[in-house]
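Here the structure is laid out as structure tokens; the discussion comes afterwards.
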Amino acid sequence: MPEEPQRPAPAPDGPRLSLRADCERCFGLCCVAPALSASADFAIDKAAGHPCPNLRTDFRCAIHPRLRQEGFPGCSVYDCFGAGQKVAQVTFGGQDWRRAPQIAAQMFKVFTIMRQLHELLWYLTEALTLHPARPLHGDLSLALDETERLTHLSPDALGELDVTAHRRHVNALLRRTSELVRAEARRHGIDRSGADLIGKDLSGADLGGADLRGAYLTGADLSGADLSMADLTGADFRGADLSGADLTGSIFLTQSQLDAASGDLDTKLPPSLTRPAHWSPSESAIAARRAREPEGRWRG
Numbered sequence: 207m208p209e210e211p212q213r214p215a216p217a218p219d220g221p222r223l224s225l226r227a228d229c230e231r232c233f234g235l236c237c238v239a240p241a242l243s244a245s246a247d248f249a250i251d252k253a254a255g256h257p258c259p260n261l262r263t264d265f266r267c268a269i270h271p272r273l274r275q276e277g278f279p280g281c282s283v284y285d286c287f288g289a290g291q292k293v294a295q296v297t298f299g300g301q302d303w304r305r306a307p308q309i310a311a312q313m314f315k316v317f318t319i320m321r322q323l324h325e326l327l328w329y330l331t332e333a334l335t336l337h338p339a340r341p342l343h344g345d346l347s348l349a350l351d352e353t354e355r356l357t358h359l360s361p362d363a364l365g366e367l368d369v370t371a372h373r374r375h376v377n378a379l380l381r382r383t384s385e386l387v388r389a390e391a392r393r394h395g396i397d398r399s400g401a402d403l404i405g406k407d408l409s410g411a412d413l414g415g416a417d418l419r420g421a422y423l424t425g426a427d428l429s430g431a432d433l434s435m436a437d438l439t440g441a442d443f444r445g446a447d448l449s450g451a452d453l454t455g456s457i458f459l460t461q462s463q464l465d466a467a468s469g470d471l472d473t474k475l476p477p478s479l480t481r482p483a484h485w486s487p488s489e490s491a492i493a494a495r496r497a498r499e500p501e502g503r504w505r506g
């Protein structure tokens with residue numbers, strides 16, 4: 207039998223464009239559906255299904271340019287992976303929960319499920335771009351198609367979906383993908399999946415090809431660390447220092463993880479992700495600026 211042609215890997219910024227939040231086509235669902243707890247991430251307590259007091263009548267955030275300064279860094283790093291506009295414009299056909307309050311509870315429930323499905327779509331799309339995982343591309347493509355199909359279910363069907371079971375199936379595929387990719391880079395067989403590394407000094411650490419799925423790296427010092435080709439699925443980088451770290455080739459890293467961390471111009475990133483605006487300049491950039499400034503005018 208002739209060899210079955212392989213499905214071409216998606217372009218990094220092709221299918222992923224639909225998996226990016228488009229707030230102009232949403233109804234502020236991320237400002238209503240989730241619960242908030244007063245903490246370092248959120249300045250207030252808010253029950254699930256209740257609008258944030260900062261949500262305006264036009265579904266825009268009244269303090270969006272000042273989220274960090276106002277005590278809402280958790281909002282500034284939140285990513286729905288495009289689930290918001292999918293629920294608003296496709297699942298509910300453009301109806302909004304303010305004008306149609308009878309759909310509000312169902313819309314908020316569906317949003318939490320849709321976000322999980324869209325997150326899986328993001329990971330599966332990335333997995334299909336990874337050359338070492340080509341033996342799994344057939345299974346990954348099937349999982350991608352099935353996940354996309356689920357996102358088009360009716361509101362009632364989505365509300366009854368066992369999304370946990372579907373995540374379990376997809377995560378098994380993603381783990382196998384990770385193993386194939388990291389096998390080419392693994393030097394020490396480092397497995398720190400789910401590890402408590404909160405506040406640890408890992409500056410300059412060799413974590414290339416490591417398994418850091420779900421690792422707690424809150425406030426960790428990863429400056430200058432080698433994280434190339436590491437599996438960073440769900441790793442908690444809140445407040446972590448990635449200055450000068452090498453994240454090239456790392457797999458399953460999301461923009462929201464970077465947004466939650468700090469870094470600088472010397473941090474090496476995968477090409478599909480963007481350097482956060484709040485990151486500091488590198489030491490070399492500071493030195494260059496200092497050299498250009500007339501004496502006495504440097505203010506840091």
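Taken in order, the sequence shown gives residues 207 to 506; the numbers are from the numbering used here.
All C-beta atoms in this analysis are idealised placements derived from N, C-alpha and C, irrespective of residue type, glycine included.
Helix, strand or coil at residue i [DSSP, three-state]
i, result
"C232", "coil"
"E210", "Because E210 carries a pLDDT of 33, less than 50, the predicted location of this residue cannot be relied on, and the following value inherits that uncertainty. If DSSP states are grouped into helix, strand and coil, E210 belongs with coil."
"I319", "helix"
"D362", "helix"
"P172", "No information on residue 172 is available, as it lies outside the stretch 207 to 506 that the chain covers here."
When the options are compared against residue i, the one with the closest alpha-carbon
i, options, result
"G450", "D432, I457, T335", "D432"
"S360", "L334, G299, D402", "G299"
"T318", "A268, V238, P487", "V238"
"A426", "G414, K292, R381, D402", "D402"
"R444", "A467, L459, L326", "A467"
"T424", "C236, L448, S478, S243", "L448"
"G255", "A416, A311, G420", "A311"
"C236", "L379, F287, H337, R398", "F287"
"G420", "S243, R388, T480, A436", "A436"
"E325", "S456, D285, F314, D397", "D285"
"H455", "A446, G469, S478", "The question names His, but residue 455 is Gly in the sequence shown. It is S478."
"L364", "H337, V293, L327", "V293"
"G400", "F314, P240, A416, R305", "A416"
"C229", "I269, A289, V316", "A289"
"D362", "R388, L330, M320", "M320"
"P338", "S384, L348, F314, W328", "S384"
"F458", "P487, F265, L379", "L379"
"V316", "C267, L348, L367, E332", "L367"
"A227", "W328, P257, P476, A411", "W328"
"C258", "A241, R274, R272", "A241"
"A389", "D472, S224, N377, S434", "S434"
"V296", "L350, F233, T331, R304", "F233"
Counterpart residues of residue i in DSSP-defined beta bridges
i, result
"K474", "D452"
"D442", "Y422"
"S468", "D447"
"L167", "Look at the range of the chain in this structure, 207 to 506, and you will see that residue 167 is not part of it."
"I267", "Note that residue 267 corresponds to Cys in the displayed sequence, not to Ile. Per DSSP, L261."
"L242", "K252"
"I457", "D437"
"D432", "D412, D452"
"D427", "D407, D447"
"D417", "D397, D437"
"D402", "Y422"
Decide yes or no for the touch test of the segment 272-292 against the segment 338-355: beta carbon pairs closer than 8 Å, at least 3 of them. Per the Cβ contact rule, the segment 272-292 is not in contact with the segment 338-355 (fewer than 3 Cβ pairs under 8 Å).
Where in the segment 324-357 do unbroken runs of the alpha helix (DSSP H), each at least 4 residues long, occur, reported from the N-terminal end onward? Inside the segment 324-357, DSSP marks whole alpha helix (DSSP H) runs of 4 or more residues at positions 343-357, from first to last along the chain.
Does the segment 431-447 come close enough to the segment 463-473 to have 3 or more Cβ pairs within less than 8 Å? Result yes; three or more Cβ-Cβ pairs closer than 8 Å.
Could you say if the segment 350-357 and the segment 394-411 meet the contact criterion of at least three C-beta pairs nearer than 8 Å? Segments in contact, no.
Tell me, please, whether the segment 238-254 touches the segment 269-278 by the rule of three or more beta-carbon pairs shorter than 8 Å. Between the segment 238-254 and the segment 269-278 there are three or more inter-stretch CB-CB distances shorter than 8 Å, so the stretches are counted as touching.
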